[in-house]
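Undergrad: Mapped onto my numbering, the consecutive letters of the sequence shown carry residue numbers 489 to 923.
The beta carbon of each residue, even a glycine, is placed where N, CA and C say it ideally should be.
Take this structure, written in structure tokens, and hold onto it; I'll ask about it next.
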Amino acid sequence: MTPMDHTEILRKGIEDFRRFVNPLVAARVAMTGEPYRIAGTRDGKLVEEGGRLIEDLHGTQSLGHRVAAVADAVRDWLATDAPSWYPSRVNPYAGRLGRALNERTGYDNAFFGMSGSDAVEAAMKLARAATGRPRVLSLLGAYHGTTMGSCALMHPGMFRDPFAPHVPGVSPVPPEDVDALARALAPEDVAAIIVEPIQLEGGVNPLSERYIASLCELTEKHGTLLVADEVQTGLGRLGRFLGTATWPRRPDVIVLAKALGGGLLPCSAMLTYKDTFLRAYGKDMATAEAHNVTFGGNAMSCVAALAMLDLLSPEVFAVAKARGDHFQAGLRRALAGSPLVVEVRGAGLIAGVELRATDHPWLSFEHFGMDELHGHSPIGLLVCHRMYKRGYYCFVCGHRWNTLRLQPRLDIEESELDAFVTALREEIDSIADLV
Ligand SMILES: Cc1ncc(COP(=O)(O)O)c(C=O)c1O
Numbered sequence: 489m490t491p492m493d494h495t496e497i498l499r500k501g502i503e504d505f506r507r508f509v510n511p512l513v514a515a516r517v518a519m520t521g522e523p524y525r526i527a528g529t530r531d532g533k534l535v536e537e538g539g540r541l542i543e544d545l546h547g548t549q550s551l552g553h554r555v556a557a558v559a560d561a562v563r564d565w566l567a568t569d570a571p572s573w574y575p576s577r578v579n580p581y582a583g584r585l586g587r588a589l590n591e592r593t594g595y596d597n598a599f600f601g602m603s604g605s606d607a608v609e610a611a612m613k614l615a616r617a618a619t620g621r622p623r624v625l626s627l628l629g630a631y632h633g634t635t636m637g638s639c640a641l642m643h644p645g646m647f648r649d650p651f652a653p654h655v656p657g658v659s660p661v662p663p664e665d666v667d668a669l670a671r672a673l674a675p676e677d678v679a680a681i682i683v684e685p686i687q688l689e690g691g692v693n694p695l696s697e698r699y700i701a702s703l704c705e706l707t708e709k710h711g712t713l714l715v716a717d718e719v720q721t722g723l724g725r726l727g728r729f730l731g732t733a734t735w736p737r738r739p740d741v742i743v744l745a746k747a748l749g750g751g752l753l754p755c756s757a758m759l760t761y762k763d764t765f766l767r768a769y770g771k772d773m774a775t776a777e778a779h780n781v782t783f784g785g786n787a788m789s790c791v792a793a794l795a796m797l798d799l800l801s802p803e804v805f806a807v808a809k810a811r812g813d814h815f816q817a818g819l820r821r822a823l824a825g826s827p828l829v830v831e832v833r834g835a836g837l838i839a840g841v842e843l844r845a846t847d848h849p850w851l852s853f854e855h856f857g858m859d860e861l862h863g864h865s866p867i868g869l870l871v872c873h874r875m876y877k878r879g880y881y882c883f884v885c886g887h888r889w890n891t892l893r894l895q896p897r898l899d900i901e902e903s904e905l906d907a908f909v910t911a912l913r914e915e916i917d918s919i920a921d922l923v
């Protein structure tokens, strides 16, 4: 695309998005002042029209936007005449990515999709087919995706309720309640329990070591597959390839997505062990391909993912670990004593800042004529709005709007983290002065 084309798309495409894609999202970003007129990228940051740099803490990209090595790998591959989709479905690039993931994780079977949702869906189907059991459990507070299966696992609310009736046999258990878990698994009809090591959209809640130990022990005892949704916690954000690498038992299934495609192309993976795969799909030729998606494991996405895995070296993880510790300590120190901050939670480069919902009369969505948002506190979005103006893209947790969800890129400098933390305290203070 020539620079000319890009300018033209930027000029007309935003209005086209409002008309042809989603008018309410377009209205929201305009209203909240989210940075959206993005002219390009530089050094992993977004460049707004006019040249202002935006540091994106949304977490989708683990090494920032438009990583050069990933773009180069895709460009090199495009310079070949290889097909991206293989009619036999025996795609050598998918094979290569499966091997690379095996070398990094020990899991020796991979299914590739294009989103976290479809990889979660694959995990649910694998679990039912492998165990012959009907039930699938999730934790209250979960976010696992928006397909019908993954949405059934979701915490009750706007992402789940409008789409009822949900997939039968799916139900939540409360996190951290070992007795409830033991009771739910005891009948031995549960195919899988799917958990996030840190619930992100639920408010940035890490599972406790005690609960993780019970999850590992009770699932093994009752023959239930333990599925870890590492869409957010995997690929280095906790300073290691998999967040669950420190768990007492390796989960039976891991779900990866988001950053796996290098931030450039869609790529997700469901990793498991070969014997579990064969229990589900190894009975005969008829079932071998019973679960598939057409472009899952396409060559171009795999090339991007392989380039990304090359970048995720032990050195990068060591940096991410140090930056994560620095970030968590800096946030806790800077926000201590703020009347608007309830708690800082999280680990590594995943932080949550819970804000106090005030009863100030204008600090409500009703005040702005948005009665349908009654019950949600606008405090988090107000802080995000202020931070956009300071050059940071932050967002709130999907299920808890009064908690900020902050996920800087793995290679962010300490000085950049310090500047962010200072700006956040200043903006929270300026709101505290008003209310
Ligand atoms: C933990 C978790 N699982 C699954 C998903 C779904 O991924 P996707 O949006 O790629 O379908 C998300 C998305 O944010 C997520 O945070």
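#1: For D649, name the three-state secondary structure that DSSP assigns.
#2: For V791 and A810, what's the separation of their Cα atoms in angstroms?
#3: Could you compute how far the alpha carbon of E684 sits from the alpha carbon of T721?
#4: For G690 and H643, which I take to be in contact (beta-carbon distance under 8 Å), what is that distance rounded to the nearest angstrom?
#5: Return the Cβ separation of G750 and V558 in integer angstroms, given the expectation that the two are a contact with Cβ distance under 8 Å.
#6: Residue range of the alpha helix (DSSP H) that F783 falls in?
#7: Quick one: give me the first and last residue of the beta strand (DSSP E) that L892 is part of.
#8: Between which residues of its own chain and L905 is the CB-CB distance below 7 Å, once the five residues before and five after are set aside?
#9: Does the contact criterion of 3 or more C-beta pairs under 8 Å hold for the region 768-781 versus the region 724-742?
#10: For the alpha helix (DSSP H) that contains F765, what are its first and last residues?
#11: Among S696, P675, E914 and F651, which has the Cα closest to the Cα of V666?
#12: Please look up how many angstroms separate the CB atoms of L759 and T593, rounded, as I've assumed it's under 8 Å.
#13: Beta-carbon within less than 7 Å of D677's beta-carbon, same chain only, minus the 5 sequence neighbours each way: which residues are those?
#14: Check whether the Cβ of L894 lies closer than 8 Å to any heavy atom of ligand 1, and answer yes or no.
#15: In chain order, what residues of the same chain lie with their CB nearer than 6 Å to the CB of Q549, ignoring the 5 residues before and after it?
#16: Can K771 be considered in contact with ligand 1, in the sense that its beta carbon sits closer than 8 Å to one or more heavy atoms?
#17: Examine chain B for any beta-carbon lying closer than 9 Å to the beta-carbon of D847, and answer yes or no.
#18: Identify, in the order they occur along the chain, each residue of the same chain with its Cβ nearer than 6 Å to the Cβ of E777, setting aside the five sequence neighbours on each side.
#19: Between the C-alpha atoms of E543 and Y881, what's the straight-line distance to the nearest angstrom?
#20: Please classify S605: is it buried, with 16 or more other beta-carbons within 10 angstroms of its beta-carbon, or exposed?
#21: Of all the options F599, F508 and E522, which has the alpha carbon lying nearest to the alpha carbon of V781?
#22: Per DSSP, what are the beta-bridge partners of V756 in this structure?
TA: The answer reads as follows:
#1: helix
#2: 29 Å
#3: 8 Å
#4: 6 Å
#5: Correct: roughly 3 Å between the Cβ atoms.
#6: Here F783 belongs to no alpha helix (DSSP H), and DSSP marks it neither H nor E.
#7: T891 to L894
#8: R811, H814, F815, G818 and P896
#9: no
#10: K762 to Y769
#11: S696
#12: 6 Å
#13: R621, P622 and R623
#14: no
#15: G751
#16: For K771, the shortest C-beta to heavy atom distance toward ligand 1 is 8 Å or greater.
#17: The structure shown has no chain B; it contains just one protein chain.
#18: none
#19: 6 Å
#20: buried
#21: Nearest Cα to V781 within the set F599, F508 and E522: F599.
#22: Sequence check: residue 756 is Ser here, not Val. Its beta-bridge partners are G601.
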